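Worksheet for the structure shown next.
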Amino acid sequence: MAEKLIINGVRLEPYSLHENHAQSQITFHAKLTKEEYHQLTDLRLNIAKSKGYFDVILNSFIKVMRFGKIVYSEHDDYVKVRATLIEQDYTGQRNAIPATENLRQSVSELELTNKKLILLLQEKGLLTDEELIAVHTHSKEEILANGFPFYQVSDIDYYSDETNNTYSMLNGH
């Protein structure tokens with residue numbers, strides 16, 4: 104029987120789903136159309152603008168959760184996604200984010216800063232104090248969206264998660 108997963112009203116049909124009750128997590132793999140993937144990406148950005156938590160319905164049970172790590176692989180006409188959802192009640196108990204996650208977020212922020220700085224320098228020829236502040240000001244949503252490419256892999260079914268030394272549950276390790 105296929106698992107029924109609804110994230111903030113968006114219905115997904117995962118081809119693999121694992122609940123880790125000890126860490127209050129759900130990790131799933133789903134094959135999405137490119138349109139469905141963009142819908143999921145928009146959902147992540149909209150949730151990041153608000154409270155960060157949303158309702159998840161899994162086989163008729165409702166949980167309040169947030170997104171954890173989402174890794175994806177693009178294929179010809181679809182996108183495979185491996186995503187972790189973390190229950191709100193467990194979020195405060197989690198260990199600090201692994202160093203590689205902090206590094207990816209920092210690189211994403213740095214890339215945004217450089218892009219904005221180059222644009223201003225090209226347009227103005229000078230950089231005022233106000234412009235310098237604007238170059239270094241990023242919304243949480245911009246950083247999140249800019250970081251999506253750092254989580255792209257060749258195929259999530261064969262992905263080794265370096266942040267916690269686990270393999271995708273579908274690659275036999």
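First residue of the sequence shown? That's 104 in this note's numbering, and the numbers climb one at a time after it. All residues carry an ideal CB built from backbone N, CA and C; glycine is no exception. Please read these numbers as outputs of a predicted model, since none were measured by experiment.
Member of the options whose CA lies at the smallest distance from the CA of residue i
i: H124; options: D192, S176 and A151; result: D192
i: G112; options: A186, D260 and L143; result: L143
i: T240; options: L220, K134 and S153; result: L220
i: L146; options: I173, S163 and E122; result: I173
i: Q208; options: P252, S127 and E106; result: P252
i: S163; options: E106, S263, N149 and K227; result: E106
i: Y181; options: N205, K227, T136 and G228; result: T136
i: V262; options: L148, R185, S211 and D179; result: For the sequence presented, residue 262 should be read as Tyr rather than Val. Comparing Cα-Cα distances from Y262 to each of L148, R185, S211 and D179, the minimum goes to R185.
Proximal residues to residue i (C-beta, below 7 Å), its chain only, five neighbours per side dropped
i: M168; result: Y156, F157, V159, L188, I189, E190 and Q191
i: L213; result: none
i: L215; result: H241, E245, I246 and N249
i: L223; result: L230, E234 and V238
i: K166; result: V159 and E190
Proximity below 8 Å, CB of residue i to CB of residue j
i: L115; j: I129; result: no
i: E177; j: Q255; result: yes
i: D260; j: H141; result: no
i: K183; j: K227; result: no
Spatial neighbours of residue i in its chain, beta-carbon cut-off 6 Å, leaving aside the 5 residues before and after
i: L108; result: L115, P117 and L161
i: A151; result: K243, E244 and L247
i: E122; result: I129
i: D258; result: S176
i: Y171; result: In the sequence as presented, Tyr is not what sits at residue 171; that position holds Gly. Cβ within range, chain order: T187 and I189.
i: S211; result: I246, N249 and G250
i: I110; result: V159
Minimum Cβ-Cβ distance from residue i to chain D less than 8 Å
i: R207; result: This model lacks chain D altogether, as it is built from one protein chain only.
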